[in-house]
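Numbering (this note's numbering), first residue to last: 39 to 206.
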């Protein structure tokens with residue numbers, strides 16, 4: 039894993055558990071995303087939490103340190119529009135897993151469906167999801183429009199967690 043800074047498993051080790059071995063050997067952060075084929079749940083957030091908890095256990099059993107595990111509830115993966123919106127409303131519940139949370143909502147179809155906009159016109163919708171995610175306790179966001187979303191994230195973070203002058 040030379041040159042690897044981070045690994046992102048979009049199946050949360052359910053399809054390729056060897057990703058955990060790679061992350062453990064390289065001692066790099068491992069993003070565990072929730073994903074499933076069918077958008078069918080008994081109880082959405084508890085089901086996603088249980089799946090991510092299992093992914094965390096698989097990672098730790100393979101030797102990935104807890105400090106290197108990042109969770110991603112998988113907005114847009116194996117979920118309907120309603121599921122995605124509910125997860126956005128309930129992101130704070132993912133804090134219960136005790137791991138840093140990452141979300142990737144940038145330009146996603148959920149934004150296009152709600153705002154009836156093509157992918158290239160979803161900047162403001164992405165900004166709204168980034169602000170909400172930070173307000174809900176998310177630690178990291180994966181975005182396309184980095185310059186603009188850094189500004190959204192800094193402003194949201196200043197409101198939610200308190201202002202700290204930027205060092206750059």
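Idealized CB from N, CA, C, for every residue including glycine.
{"Query": "Proximity winner among 166, 141, 148, 163, relative to residue 208 (alpha-carbon distances)", "Result": "Only positions 39 to 206 of the chain appear in this structure, which leaves residue 208 out of reach."}
{"Query": "DSSP-derived helix/strand/coil call for residue 46", "Result": "strand"}
{"Query": "Nearest-angstrom Cα separation, counted from residue 154 out to residue 47", "Result": "30 Å"}
{"Query": "Through-space distance from residue 101 to residue 115, alpha-carbon basis", "Result": "27 Å"}
{"Query": "Beta-carbon gap between residue 52 and residue 93 smaller than 9 Å", "Result": "yes"}
{"Query": "Length-filtered (3 minimum) beta strand (DSSP E) runs lying within the segment 40-123", "Result": "45-47, 68-71, 107-110"}
{"Query": "Ranges of the alpha helix (DSSP H) found wholly within the segment 153-206, counting only runs of at least 4", "Result": "161-173, 184-199"}
{"Query": "Rounded C-alpha distance that separates residue 90 from residue 69", "Result": "11 Å"}
{"Query": "Inter-residue Cα distance where the pair is residue 182 and residue 164", "Result": "9 Å"}
{"Query": "Sequence-distant residues of the same chain with beta carbon closer than 7 Å to residue 174, five excluded per side", "Result": "129, 130"}
{"Query": "Cβ neighbours of residue 195 in the same chain (closer than 7 Å, five flanking residues each side left out)", "Result": "172"}
{"Query": "Identified DSSP bridge partners for residue 139", "Result": "109"}
{"Query": "Counted within 10 angstroms of its Cβ, other Cβ atoms place residue 117 as buried (16 or more) or exposed", "Result": "buried"}
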